Structures are given as structure tokens and as C-alpha cells.
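Engineer: Pasting in a structure now, in C-alpha cells, and then I'll have a few things to ask.
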Amino acid sequence: MWSIAKELMPKLRPKLAKCNKVNCVGHSMGGSLCEIFAACANSGRTEDPDFRQQMWTKAHPELMPEIANGGIVYTQGAERRCDEPPCP
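Written out as C-alpha cells, the structure reads:
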């Protein structure tokens, strides 16, 4: 978890700051990582190095740009799939 958070949190932190609330879901190992992430994030142990590495400061919520990943393009209120990568 430490190495994952070390690489991802600098990219996620600005996005998480804009969220009104955060949900984490996953399957198999992803589910286990979500459990660890949630336990650490909700622990409130501000002196713990793991907590400090994944913490973020809440900012004013705002709409973020569309996220495209693999064969599914997510947009507010809709999901569309493409047949052949690269997807739009």
C-alpha cells in the first residue's frame, strides 16, 4: 500500500480535495486495498506516516472533467462503450 500511495496520491490528492465524499470499491485485491485505504483514511492518526502519505485537505467541491479509462468512457449521467480501442 505504501508504494501505491507514494505514486498515486500526488495525482489523486488534488482531485480528492474537490470531492464532497469519497467511496472506494474494488474486487479481490482491489477490494482489499480499498479496505486498507478506508481504514487508514478514517483512522485520524495524523502522526502515522501511512495516514500522512494518503491524507488530503478538503477544498470547495467542484465538477471534474470526464474520466476515460480503457473501453468505457464515463461522463456525468451516462456510460458508453466503444468497440475497438483507442476509445474516444
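For the sequence shown, this note's numbering assigns the number 2 to the initial residue and increments by one for each residue that follows.
Just so you know, even glycine gets a beta-carbon here, dropped at the ideal spot from N, CA and C.
Everything numeric in this text was worked out from a predicted model, so none of it was measured.
For residue 39, which residues in the same chain have their Cβ closer than 8 angstroms to its Cβ, ignoring the five residues on either side in sequence?
Structural biologist: Excluding positions up to five away in sequence, the list reads 25.
Engineer: Write down every uninterrupted run of the alpha helix (DSSP H) in the region 43–70 whose length is 4 residues or greater and which is fully enclosed by it, in chain order.
Structural biologist: With a minimum length of 4 residues, the continuous alpha helix (DSSP H) runs that stay inside the region 43–70 are 50–55.
Engineer: Kindly confirm or deny that the region 44–54 and the region 26–33 touch, where touching means at least three C-beta pairs closer than 8 angstroms.
Structural biologist: The region 44–54 vs the region 26–33: no contact.
Engineer: Look at the alpha carbon of residue 41 and the alpha carbon of residue 12, and state the distance between them as a whole number of angstroms.
Structural biologist: Rounded to whole angstroms, residue 41 to residue 12 spans 18 angstroms at the Cα level.
Engineer: Could you give the first and the last residue of the continuous alpha helix (DSSP H) run that contains residue 4?
Structural biologist: Here the alpha helix (DSSP H) through residue 4 covers 3–18.
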